[in-house]
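Trainee: Residue numbers (full-length UniProt numbering): 1 to 168. Glycine included, C-beta positions come from ideal geometry on N, C-alpha and C. Pasting a structure here, questions to come.
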Ligand SMILES: [Zn+2]
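Shown next as structure tokens:
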């Protein structure tokens, strides 16, 4: 069961997803207000209670992303929506491709890395896309924080919920 809750900052911007235990702890310590409950119910020794879906911090804290989205394989896959940047197929087994290969001085950053399926990765090897006769569907780029947060919200299925309660 997916019991993650959305935690909004004190200014109602998205902060992160947290698990329900952490969410309940924040509720009990008075650090958050519950904006919306989920349909999920937890039964414990102390009783039955409904898990919150959206929480907002009483205070504004500094965002987890200070100025830019940090580079990681996971974040490249999120930016590319878990699809191959060359053939557009979505796959659970995506790897990271250096558009300009590392052996040719390509950097490991958002501007040079894309998600790539195994077939395309094998075909490309350590060539540039031109040498391999392949084309990128979209040029890689450093995602902005707000764009990235929106992608993450959509992927976690909570975007509609935030639209519904008037946050996005
Ligand atoms: Zn592919």
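1) Pairs of beta-carbons, one from the stretch 90-102 and one from the stretch 113-120, closer than 8 Å: are there three or more?
2) For the candidate residues 153, 163, 141 and 160, whose alpha-carbon lies nearest to that of residue 70?
3) Rounded to a whole number of angstroms, what is the C-alpha to C-alpha distance between residue 13 and residue 132?
4) Please report the straight-line C-alpha distance between residue 23 and residue 159, rounded to a whole angstrom.
5) Can you tell me whether DSSP reads residue 84 as helix, strand or coil?
6) Collect the residues with a C-beta less than 7 Å away from any heavy atom of ligand 3 and give them in sequence order along the chain.
7) Label residue 25 either buried or exposed according to how many other C-beta atoms from any shown protein chain fall within 10 Å of its C-beta, with 16 as the threshold for buried.
8) Thinking just about the alpha-carbon of each residue, which of 123, 112, 126 and 152 is nearest to the one in residue 139?
Mentor: Here's the rundown:
1) yes
2) 141
3) 43 Å
4) 19 Å
5) coil
6) For ligand 3, the structure offers nothing, since it holds only ligand 1.
7) exposed
8) 112
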